[in-house]
Amino acid sequence: MFCKIRSTACLLAATSMMAMPIAAQAEDAAQLVDINGMFAADAETELRNRGFGFVSHNRNSQGYNYSYWWDEEDDDCVQVEEYRGRIQSITDASDQDCGHHMNADATAALGVAAGAAVLGAIFGHNSNHHDDNRHSDDHAYERDYERGYNDGLHNASYHNRDRSEGYSAGYSAGVDQRNTNLRHHSRRGGYHQAAQISDLQGSRAAGAMDTMESRGFRQVDNFTSGNTRYSIQYNRNTRQCVQMTIADGHIYDIRDIGQNPNCR
C-alpha cells in the first residue's frame, strides 16, 4: 500500500508497522534537510529509500500534518511537518514519539505492561501537541499531560485532581485534537441534514464565499485581527454556525463553532 503524507490519505494503515527494507544507512533530521519543500509523495519515497518506516500521524487545527518515522537499525525517530502538500520541516523527535523506550513514569501512568509496539499505539500525545514541540523532561509533568490529553481527546470531564499544570495543558491539547478529528461532524445528532464545509479548507476565499452562499449560508458577522479575517456564517436550514478564518486570500481554517450571538 502506498500513501502520501497527508490527512486525506490512508497513511499506511495496513503496513505502517511492518519492517521496511534498508536501502542505505538512515540519517537524523539534520541530514534530511534536502527533503524540505518536496511534495509529500516524493518525500515519503525519499524517507523510505533512506531507511525510515512510517509510525503515526496527526493533524492540528491549523491544517498542519505531523507524521513520525522510525529507523529500526539506528534507533532514529523524526517528525515530518507538512502543509498544503509540501514538507515544511523535518526535526528529530523522541523515541517515545515513535513508540519506543517509554520511561517508567509514562508506563505507570497508563497502568499497562506491554511491549514497545503496544505502548506506541496507546501512548496518545506526540511532541507536536506541546506548544514548544517537545516532550517535557519532567516525568511527572509528562505523566499528568498525558492523562489530561486523553481526557480531553475522549471528551471526559475535566478532572485535575492534583491541580497540575501538565494536566491542564494536556487537556487543552486533547480537546483541540478532538475538535480537529471531528471537523467533518456538524455537532448535530439524529437525522438532521448538514451542509458540507470541510472540503473548503485551503481553498481560495472568494470562491469559498460563493460556495457557502450556494449551500445556504449567509454572513452574519465579520471582523479582522492583524492580517487575518474572520467570517461567521449561519445556515438557517441546518442551524450550522461556521467560523471561517481567512489569511493570504485562502481559507486557513473552517469549522462549526456551534453558536454565536449572531447565529439566529
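Residues -26 to -1, 1 to 238 (mature numbering (1 follows the signal peptide of the UniProt record, and there is no 0)) are what the sequence shown spells out, left to right.
We treat Cβ as the ideally placed atom computed from N, Cα and C, and that holds for glycine.
Using a threshold of 8 Å, state whether the C-beta atoms of residue i and residue j are closer than that.
i, j, result
"Tyr132", "Asp118", "no"
"Gln53", "Asn102", "yes"
"Arg192", "Gln175", "no"
"Asp50", "Asp2", "yes"
"Gly98", "Asn134", "no"
"Thr154", "Ser35", "yes"
"Ala168", "Arg162", "yes"
"Ile220", "Ile171", "no"
Rounded to whole angstroms, what's the CA-CA distance from residue i to residue j? Just pull it up for me.
i, j, result
"Tyr145", "Arg33", "17 Å"
"Asn234", "Val216", "9 Å"
"Ser205", "Asp48", "49 Å"
"Thr202", "Gly126", "28 Å"
"Val149", "Ser30", "19 Å"
"Arg189", "Asp222", "24 Å"
"Ala114", "Cys72", "20 Å"
"Arg108", "Thr65", "10 Å"
"Gly200", "Ile231", "21 Å"
"Ser177", "His224", "6 Å"
"Gly11", "Arg58", "11 Å"
"Gln214", "His74", "43 Å"
"Asp8", "Met186", "40 Å"
For residue i, write down the residues that DSSP places opposite it in a beta bridge.
i, result
"Val194", "In the DSSP output, where bridge partners are listed per residue, Val194 has none listed."
"Cys215", "Tyr208"
"Arg24", "Beta-bridge pairing links Arg24 to no other residue."
"Tyr145", "Paired residues: none, contrary to the question."
"Ala17", "Looking at the DSSP assignment, Ala17 forms no beta bridge with any residue, so it has no partner."
"Val54", "Ser41 and Ile64"
"Thr202", "Ser199"
Can you say whether residue i is buried or exposed, counting buried as having 16 or more other CB atoms within 10 angstroms of its CB?
i, result
"Glu120", "buried"
"Ser41", "buried"
"Arg137", "exposed"
Apart from the five residues on each side of it in sequence, which residues of its chain come closer than 7 Å, Cβ to Cβ, to residue i?
i, result
"Asn129", "Arg152"
"Met183", "none"
Short of 6 Å in beta carbon distance, which residues of its chain neighbour residue i, apart from the five on each side in sequence? Order them along the chain.
i, result
"Ala(-14)", "Because Ala(-14) sits at a pLDDT of 36, beneath the cut-off of 50, its placement in the model cannot be relied upon, and the following sentence gives the value as read from the coordinates. The answer is none, since no qualifying residue turns up."
Apart from the five residues on each side of it in sequence, which residues of its chain come closer than 8 Å, Cβ to Cβ, to residue i?
i, result
"Asn236", "Val194, Asp195, Ile206 and Tyr208"
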